[in-house]
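Engineer: In our numbering, the protein residues as written are 29 to 493.
The following block contains the structure, expressed as structure tokens.
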Amino acid sequence: MATPDPSHVRSRSFWLETCDDDLTPRPGPDGDTSADVAIVGGGLTGLWTALALRASAPHCRIAVLEAEVCGFGASGRNGGWCSALFPASLDQLAMVGGRDAAVAQYRAMIDTVAEVGRTMERLGIDCHWAQGGTLTLATNPAHVERIRAHVTEQHRWGFDSSDDRWLTPAETMARARVTGSVGSAFTPHCAAVHPARMVRGLARAVEAAGVSVHEGTRVHRIEPGAVTTDHGTVRADTVLRCTEGYTPGLPGHGREVVPIYSMMIATEPLSADVWEQIGLRERETFADGRHLLIYGQRTADGRFAFGGRGAPYHFGSAIKDAYDREGRVAAELARVLHELFPITRDARITHHWGGPLAVPRDWSASVGLDRSTGLGWAGGYVGDGVSTTNLAGRTLADLVLGHDSDLTRLPWVGHHSPRWEPEPLRWIGINAGRSVAAAADRREARRRRPSPVLDRVMGLFTGGH
Ligand SMILES: Cc1cc2nc3c(=O)[nH]c(=O)nc-3n(C[C@H](O)[C@H](O)[C@H](O)COP(=O)(O)OP(=O)(O)OC[C@H]3O[C@@H](n4cnc5c(N)ncnc54)[C@H](O)[C@@H]3O)c2cc1C
């Protein structure tokens, strides 16, 4: 059993490097042990679940088992959007539970953003919270079409301009001086955060609440009533799997989700003069209308933290440290950032990193507990987990404690996504989908209309999401 090296963990992201926590691993269990609830994975899902369980059941004995240190995974590396975005469309949710249930799920996400903000304040975790909303920028006619259609669609479901609205080019420029902007959509339901300060603060709060947090503790097998770790067996009536992109590494879970790498860069801090010209005064998070998603935020220390998809899917759902950096994707991210904000051209790119997020076959997140086996899970958030993990944690706690609540009636509860295809089909399909999305973006950037053929082919690999 290897003890995680803090300097290795720190080098996984700009956020982990600057989280003001020495990242010394907490000790593993001392041989065989027992708990009421064993939680596998010390990311946001595992920690929010432990916090919610302990709040409702102060005597519940909970063990969090983390292979590296809490926040090592996506939770310590992400774009820091604490948003109301939910990883399944309203149409998908309505097919499961009907229209009202779909809307309830999206409303629960809006409430969750506020809940996360309140909890950070209550726990005294300074995660650099700034709820400035999100701008989805349009820089070509295809973007305008897609983004406006999204706003119209949200309104058709009963959301209104206080949730999503179209901003004219002038209104957009008043918020962010983006080259070539022809408008944007704005939603207030998103906060920019420092994700590693959030997840590491949460680990400390969970421990202070009486939860046993074991780091450097890899789980090799999950079965009803028991978890096998490299420190011994943990016996528990309830075992919750909160391993997100790493799930395929557990025996029996190889095709449940695929790990897709999202990559990021950070610039050096920019001067106040430069920010005066750029805008983003309220630290609005931003994306645009392309298929291969990009996302950014203005950090509390005045940098751009900017990310995007586009890294290859690795055969057999492999995860390796070497995949955390992709020179080609980093260069492309820098190019897009310079294109959107040319004034950043002279700024040094000081950091580049990435990490695996989890994509289920139908791109729909889920949470559930099988009462007959005591095995539960939450995940499949695609790129929308920062706030969704909080909703998942509160829901899992209600499920474990047998509480029938508004949360346990939401349509994602108990949803089972189909499994991914075996290799090599999976590798061929996902990487082909990525190439098609990139081709569609290049075509649209040349101001050509979206191609229905490309859109249809992409839908085969993205569940239309
Ligand atoms: C680059 C990037 C950018 C992103 N940007 C955003 C964003 O801006 N907004 C947003 O909402 N979402 C974003 N996401 C997604 C979001 O970060 C995740 O959905 C969320 O952090 C998932 O939390 P989690 O706890 O489920 O998983 P993770 O944080 O991945 O935690 C899983 C943990 O399980 C541990 N583990 C795995 N296997 C084992 C095992 N066998 N035994 C013990 N422990 C194990 C891992 O070490 C890890 O710490 C992004 C993701 C990435 C990678």
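Backbone N, C-alpha and C fix where the C-beta goes; we use that ideal spot for every residue, glycine too.
If you're wondering where the values come from, they're calculated on a predicted model, not measured in any experiment.
#1: Use the C-beta contact count for LEU488: other C-beta atoms within 10 angstroms, 16 or more gives buried, fewer gives exposed.
#2: What are the complete beta strand (DSSP E) segments, minimum 3 residues, inside the region 360-436?
#3: Where does PHE314 sit, in a helix, a strand or coil, going by DSSP?
#4: To the nearest angstrom, how far is the alpha carbon of THR490 from that of SER111?
#5: Could you say which of HIS36, PRO223 and ALA339 lies nearest to ASP412 if we only look at CA atoms?
#6: Taking all protein chains shown into account, decide if ARG344 is buried (16 or more other Cβ within 10 angstroms of its Cβ) or exposed.
#7: Is it the case that the region 150-158 contacts the region 224-235, given that we only count it when at least three CB pairs across the two stretches are under 8 Å?
#8: Just the Cα atoms here: how many angstroms apart are ILE377 and ALA362?
#9: Give me the Cβ distance between ALA237 and ARG82, rounded to the nearest whole Å; I'm assuming they're in contact under 8 Å.
#10: Between which two residues does the beta strand (DSSP E) holding ASP64 run?
#11: Which residue or residues does DSSP assign as beta-bridge partners of ALA466?
#12: State the start and end residues of the unbroken alpha helix (DSSP H) segment that holds HIS36.
#13: Taking 8 Å as the threshold (C-beta atoms), are HIS379 and ALA315 in contact?
#14: Would the C-beta of TYR274 count as close to ligand 3, meaning under 7 Å from any of its heavy atoms?
#15: What are the residues that DSSP puts in a beta bridge with TRP109?
#16: Going by DSSP, what residues sit across from LEU163 in a beta bridge?
#17: Are the CB atoms of GLN325 and THR313 nearer to each other than 8 Å?
#18: Within a Cβ cutoff of 6 Å, which residues of the same chain sit near PRO15, ignoring the five residues on either side of it in sequence?
#19: Any idea if MET137 is buried or exposed, counting beta-carbon neighbours within 10 angstroms, 16 or more meaning buried?
#20: Are ARG422 and ALA80 closer than 8 Å when you measure CB to CB?
#21: Check LEU195 in the structure and name its three-state DSSP category.
#22: Please confirm whether any heavy atom of ligand 1 lies closer than 7 Å to the CB of LEU385.
#23: Can you tell which of ARG356, SER212, TYR134 and THR271 has the C-alpha that lies nearest to the C-alpha of ALA170?
#24: According to DSSP, simplified to helix, strand and coil, what is HIS319?
#25: Give me the residue from ALA129, LEU365, THR215 and MET226 with the minimum Cα distance to ARG437.
#26: With distances taken Cα to Cα, identify the nearest neighbour of THR164 among MET201, MET226, ASP265 and GLY317.
#27: Find the nearest neighbour of PRO55 within the set LEU113, THR372, SER240 and VAL210, judged by alpha-carbon distance.
#28: Look at the Cβ atom of VAL179, then the Cβ atom of PRO197, and state whether they are nearer than 8 Å.
#29: Compare the beta carbon distance of VAL464 and VAL387 with 8 Å and say whether it is the shorter of the two.
#30: Does the beta-carbon of HIS87 have 16 or more other beta-carbons within 10 angstroms, so that it is buried, or is it exposed?
#31: If you follow the beta strand (DSSP E) that PRO287 is part of, which residue opens it and which one closes it?
#32: If you follow the beta strand (DSSP E) that HIS248 is part of, which residue opens it and which one closes it?
#33: Measuring alpha carbon to alpha carbon, tell me which residue in ILE90, TYR323, THR372 and GLY457 is nearest HIS242.
#34: Find the nearest neighbour of GLU94 within the set GLY145, ALA30, PHE114 and MET123, judged by alpha-carbon distance.
#35: Just confirm the distance between the C-beta atoms of ALA339 and GLY280, as a whole number of angstroms; I'd bet it's less than 8 Å.
#36: What does a CB cutoff of less than 6 Å around GLY492 pick up in its chain, not counting 5 residues either side in sequence?
Structural biologist: So, to answer that:
#1: A caution first: LEU488 carries a pLDDT of 47, below 50, which makes its placement in the model unreliable, though a value can still be read off. With fewer than 16 other Cβ atoms within 10 Å, it is exposed.
#2: 377-388, 394-398 and 403-407
#3: The answer is strand: DSSP assigns PHE314 an E or B state.
#4: Below a pLDDT of 50, predicted positions are generally treated as unreliable, and THR490, at 48, falls in that range; no measurement from the model is reported.
#5: PRO223
#6: As written in the sequence, residue 344 is Gly, which differs from the Arg given in the question. Exposed, by the Cβ-count rule.
#7: yes
#8: 8 Å
#9: 5 Å
#10: Membership of ASP64 in the beta strand (DSSP E) is indicated by the continuous run 61-68.
#11: Partner(s): none; ALA466 has no beta bridge.
#12: 34-38
#13: no
#14: Ligand 3 is absent from the structure shown, which contains only ligand 1.
#15: Answer is ALA220.
#16: Paired residue(s): PHE214 and PHE314.
#17: yes
#18: Outside the displayed range of the chain (29 to 493) lies residue 15, so it cannot be described from this structure.
#19: buried
#20: Result yes, Cβ atoms of ARG422 and ALA80 sit closer than 8 Å.
#21: strand
#22: Yes, the beta carbon of LEU385 sits closer than 7 Å to at least one heavy atom of ligand 1.
#23: Of the listed residues, the one whose Cα sits closest to ALA170 is SER212.
#24: coil
#25: ALA129
#26: Among MET201, MET226, ASP265 and GLY317, the Cα nearest to that of THR164 is on GLY317.
#27: Comparing Cα-Cα distances from PRO55 to each of LEU113, THR372, SER240 and VAL210, the minimum goes to SER240.
#28: no
#29: no
#30: exposed
#31: 285-295
#32: 247-251
#33: Here the closest residue by C-alpha is ILE90.
#34: Nearest C-alpha to GLU94: ALA30.
#35: Their Cβ separation, rounded to whole angstroms, is 27 Å, which puts ALA339 and GLY280 out of contact at 8 Å.
#36: Below a pLDDT of 50, predicted positions are generally treated as unreliable, and GLY492, at 35, falls in that range; the measurement from the model is reported next regardless. Excluding residues within five positions, none has a Cβ falling inside 6 Å.
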